[in-house]
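Per this note's numbering, the sequence shown starts with residue 181, numbered consecutively.
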Amino acid sequence: MPYPSGGFPSRGHQPLQGTTSLHPGSFVRLANRLGATYQVISIDDETDSCWVRRWPLTRQGSPAFSVSLGDVSVLQSAPL
């Protein structure tokens, strides 16, 4: 499974405007995938993107993929 920079989260990311701080483990929604919830795996400051996976996890696993930080909205509470 591909992860940026060995899969470790970066430390210098800035909070998204108008949201709480984005960090690995945060639950987000994506602008182009309404209604679905995703979990942040890591944040890549060099490319202004983050790696996410669909939440809840499926029995077969949920593959991670990269999205632009501008396309994510942080959820204020964890999904049930």
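For every residue, glycine included, the Cβ atom is placed at its ideal position computed from N, Cα and C. Just so you know, these numbers come straight off a predicted model, no measurement behind them.
The beta strand (DSSP E) spanning residue i covers which residue range?
i: Gly215; result: 213 to 224
i: Leu255; result: Careful: Leu255 lies outside any beta strand (DSSP E) and carries neither H nor E.
i: Leu210; result: 207 to 210
i: Ser229; result: 229 to 235
If you draw a straight line from the C-alpha of residue i to the C-alpha of residue j, how long is it?
i: Ser253; j: Arg233; result: 14 Å
i: Phe245; j: Ile221; result: 9 Å
i: Trp235; j: Glu226; result: 25 Å
i: Ile223; j: Asp251; result: 13 Å
i: Gln219; j: Gln240; result: 16 Å
i: Ser242; j: Leu249; result: 20 Å
i: Arg209; j: His203; result: 14 Å
i: Asn212; j: Leu255; result: 15 Å
i: Leu214; j: Ser201; result: 21 Å
Going by DSSP, which residues form a beta bridge with residue i?
i: Ser242; result: Answer by DSSP bridge pairing: none, since Ser242 is not bridged.
i: Ser248; result: Ser229
On the criterion of 16 or more Cβ atoms from any shown chain inside 10 Å, does residue i qualify as buried, or is it exposed?
i: Ser229; result: buried
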